[in-house]
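Engineer:
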């Protein structure tokens, strides 16, 4: 079972009531290394994504995660950033019929390093053939 962080917050969107929804995109800025405001609540980036995904229709076919302002691999490995293993488990649990999970990077980066990070961290999705890492929609690394 996947543990959700503030999943009820996303329930207000009522995304589960759109069974015809086939594609959904999440576009987020990667969290910084330090909190922006003192006392601001911090949640794992992966937990926020999973909380949103938990309310999507299970019939979803394509899920796209766009990450903005990516500059270096350490941003992904930051304790508050991305746990690809958690995302991998959530995709297996929530979306058995998912055809494509696309990770899109926007920023200054070394795409091959980021792609390798996700390939190693998401073996189940890679084995299913649904994982795609790209910097645009036209140059996928599978």
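In the working numbering, the protein residues as written are 20 to 161. Backbone N, C-alpha and C define an ideal beta-carbon position, used for all residues, glycine too. Only a predicted model underlies this, so the values are computations on that prediction, with no experimental measurement involved.
1) What residue range does the alpha helix (DSSP H) around residue 71 cover?
2) Using only the alpha-carbon positions, how far apart do residue 146 and residue 116 sit?
3) Taking the alpha carbon of residue 105 as the reference point, which residue from 122, 140, 129 has its own alpha carbon closest?
4) With DSSP as the reference, identify every bridge partner of residue 87, one or two as the case may be.
5) Roughly how many angstroms separate the alpha carbons of residue 103 and residue 42, rounded to a whole number?
6) Drop a sphere of 10 angstroms on the beta-carbon of residue 75, count the other beta-carbons inside from all chains shown, and report buried for 16 or more, exposed for fewer.
7) Tell me, to the nearest whole angstrom, how far the beta carbon of residue 133 is from that of residue 89; I am working on the premise that it is less than 8 Å.
8) Should residue 46 go down as buried or exposed, given a rule of 16 or more other Cβ atoms within 10 Å for buried?
9) Within the continuous beta strand (DSSP E) that includes residue 135, where are the two ends?
10) Considering only their Cβ atoms, is the gap separating residue 124 from residue 82 smaller than 8 Å?
11) Please report the distance separating the alpha-carbon of residue 112 from that of residue 48.
12) Alpha carbon to alpha carbon, what distance is there between residue 44 and residue 84?
13) To the nearest whole angstrom, what separates the beta carbons of residue 118 and residue 72, a pair I think is in contact under 8 Å?
Structural biologist: Short version:
1) 64 to 72
2) 14 Å
3) 140
4) 48, 125
5) 20 Å
6) buried
7) 7 Å
8) exposed
9) Looking at the DSSP string, residue 135 is not in any beta strand (DSSP E); the run it does join, the alpha helix (DSSP H), is 130 to 140.
10) no
11) 25 Å
12) 6 Å
13) Their Cβ separation, rounded to whole angstroms, is 15 Å, which puts residue 118 and residue 72 out of contact at 8 Å.
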